[in-house]
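Visitor:
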Amino acid sequence: KQEVTQIPAALSVPEGENLVLNCSFTDSAIYNLQWFRQDPGKGLTSLLLIQSSQREQTSGRLNASLDKSSGRSTLYIAASQPGDSATYLCAVSSGTYKYIFGTGTRLKVLA
Amino acid sequence: SQTIHQWPATLVQPVGSPLSLECTVEGTSNPNLYWYRQAAGRGLQLLFYSVGIGQISSEVPQNLSASRPQDRQFILSSKKLLLSDSGFYLCAWSVGGQETQYFGPGTRLLVL
Chain H
230 KQEVTQIPAA
240 LSVPEGENLV
250 LNCSFTDSAI
260 YNLQWFRQDP
270 GKGLTSLLLI
280 QSSQREQTSG
290 RLNASLDKSS
300 GRSTLYIAAS
310 QPGDSATYLC
320 AVSSGTYKYI
330 FGTGTRLKVL
340 A
Chain R
86 SQTIHQWPAT
96 LVQPVGSPLS
106 LECTVEGTSN
116 PNLYWYRQAA
126 GRGLQLLFYS
136 VGIGQISSEV
146 PQNLSASRPQ
156 DRQFILSSKK
166 LLLSDSGFYL
176 CAWSVGGQET
186 QYFGPGTRLL
196 VL
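Chains as they are written, first to last, in the working numbering: chain H, 230 to 340; chain R, 86 to 197.
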């Protein structure tokens, strides 16, 4: 059974710092991995989707990497801003239509 | 462009009452549709998904049910709510089964 873990559960950093969020999964037989952002009381916004054959994806200040063999993904946020404050969720697709979500990392960027 | 709507945004219901949450998608045809629940301190849990009208797959046995009466409409229902049904319910859609999922704004349900 696939399990997804995100560490740390919460993170508080000063503005301008580069930071790394971690996601690990127990079953390396995945189709893809997706990173989402969730603002308080809101739905999820997709940030990056990495197919199982890819090693990384980039969008603006965000870079996500995937190492299937070790069951890990990282989301790198460069030059963090207060507007980046949110909960970041990773989700792993182990089969068609099924995404298993982690419990998220709650990020606060201090001005 | 595609948009996804959910209503109501917030709902407070007594234990034992019925439930109907609605989700509609605009700007796309034959989407895959999903219902998730996010309970406090827990990750998102997939409840149901649908690949077409009238086709529903259940992921978690419980007192909830889902229906898809139209191509872009997905309904989550219950005949009798339990306290444990409280949570944040999210609807999502995707083009394919392994593609990016796009989420609605969610419905916060509190069962008292």
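Note that the Cβ used here is the ideal one computed from N, Cα and C, for glycine as well.
In this text, all values refer to a predicted model and were calculated from it rather than measured experimentally.
Beta strand (DSSP E) containing Arg153 of chain R: first to last residue?
Guide: Counting along the chain, the beta strand (DSSP E) containing Arg153 of chain R begins and ends at Leu149 to Gln155.
Visitor: Using a Cβ cut-off of 9 Å, which residues of the segment 320-340 of chain H contact any Cβ in chain R, in chain order?
Guide: If the cut-off is 9 Å between Cβ atoms, the segment 320-340 of chain H has Ala320, Ser322, Gly324, Thr325, Tyr326, Lys327, Tyr328, Ile329, Phe330, Gly331, Thr332 and Gly333 near chain R.
Visitor: Tell me whether the segment 184-196 of chain R and the segment 158-173 of chain R touch, counting them as touching only if at least three CB pairs, one residue from each stretch, are closer than 8 Å.
Guide: In short, these stretches touch, since the Cβ pair count reaches three.
Visitor: Residues in the same chain with beta-carbon distance under 6 Å from Trp264 of chain H, minus the five sequence neighbours each way, listed in chain order, please.
Guide: Cβ within range, chain order: Leu276, Leu277, Ala293, Leu304 and Cys319.
Visitor: By DSSP's criteria, Asn178 of chain H is part of a beta bridge. Which residues make up the other side?
Guide: Not covered by the structure: residue 178 of chain H. The range shown for chain H is 230 to 340.
Visitor: Using 10 angstroms around the beta-carbon of Trp92 of chain R, count the other beta-carbons present and answer buried if the total reaches 16, otherwise exposed.
Guide: Exposed, since its Cβ has fewer than 16 Cβ neighbours within 10 Å.
Visitor: Quick check on Ser159 of chain R - is its C-beta less than 7 Å from some C-beta in chain H?
Guide: This sequence places Phe at residue 159 of chain R; Ser is not what is there. False, the Cβ-Cβ gap to chain H never drops below 7 Å.
Visitor: Give the list of continuous beta strand (DSSP E) stretches no shorter than 3 residues that lie fully inside the segment 106-173 of chain R.
Guide: Listed in chain order, the complete beta strand (DSSP E) runs (minimum 3 residues) inside the segment 106-173 of chain R are 117-123, 129-137, 140-143, 149-155 and 158-163.
Visitor: What are the residues in the segment 258-280 of chain H lying within 9 Å of chain R by C-beta distance?
Guide: Answer set for the segment 258-280 of chain H: Tyr260, Asn261, Gln263, Phe265, Gln267, Gly270, Lys271, Gly272, Leu273, Thr274, Ser275, Leu278 and Gln280.
Visitor: Return the residue from the list R:Gly126, R:Val136, R:Gln158 and R:Trp120 that minimises the CA-CA distance to Leu149 of chain R.
Guide: Checking every option, the nearest Cα to that of Leu149 of chain R belongs to R:Trp120.
Visitor: Using the Cβ count rule (16 or more neighbours within 10 Å means buried), how would you classify Leu250 of chain H?
Guide: Result: buried.
Visitor: Where in the segment 263-299 of chain H do unbroken runs of the beta strand (DSSP E), each at least 3 residues long, occur, reported from the N-terminal end onward?
Guide: Runs found: 273-280, 285-288 and 291-296.
Visitor: DSSP state of Gly312 of chain H, grouped into three classes?
Guide: Gly312 of chain H: helix per DSSP, three-state reduction.
Visitor: Does Tyr174 of chain R have its Cβ less than 7 Å from a Cβ in chain H?
Guide: Taking Cβ atoms only, chain H never reaches closer than 7 Å to Tyr174 of chain R, which makes this a no.
Visitor: Can you tell me which residues form a DSSP beta bridge with Ser102 of chain R?
Guide: None; Ser102 of chain R has no bridge partner.
Visitor: Which whole-angstrom value describes the C-beta separation of Ser162 of chain R and Ser105 of chain R, a residue pair presumed to lie in contact below a C-beta threshold of 8 Å?
Guide: About 5 Å; that satisfies the 8 Å criterion.
Visitor: May I ask you to report which of helix, strand or coil DSSP gives Gln231 of chain H?
Guide: Three-state result, Gln231 of chain H: coil.
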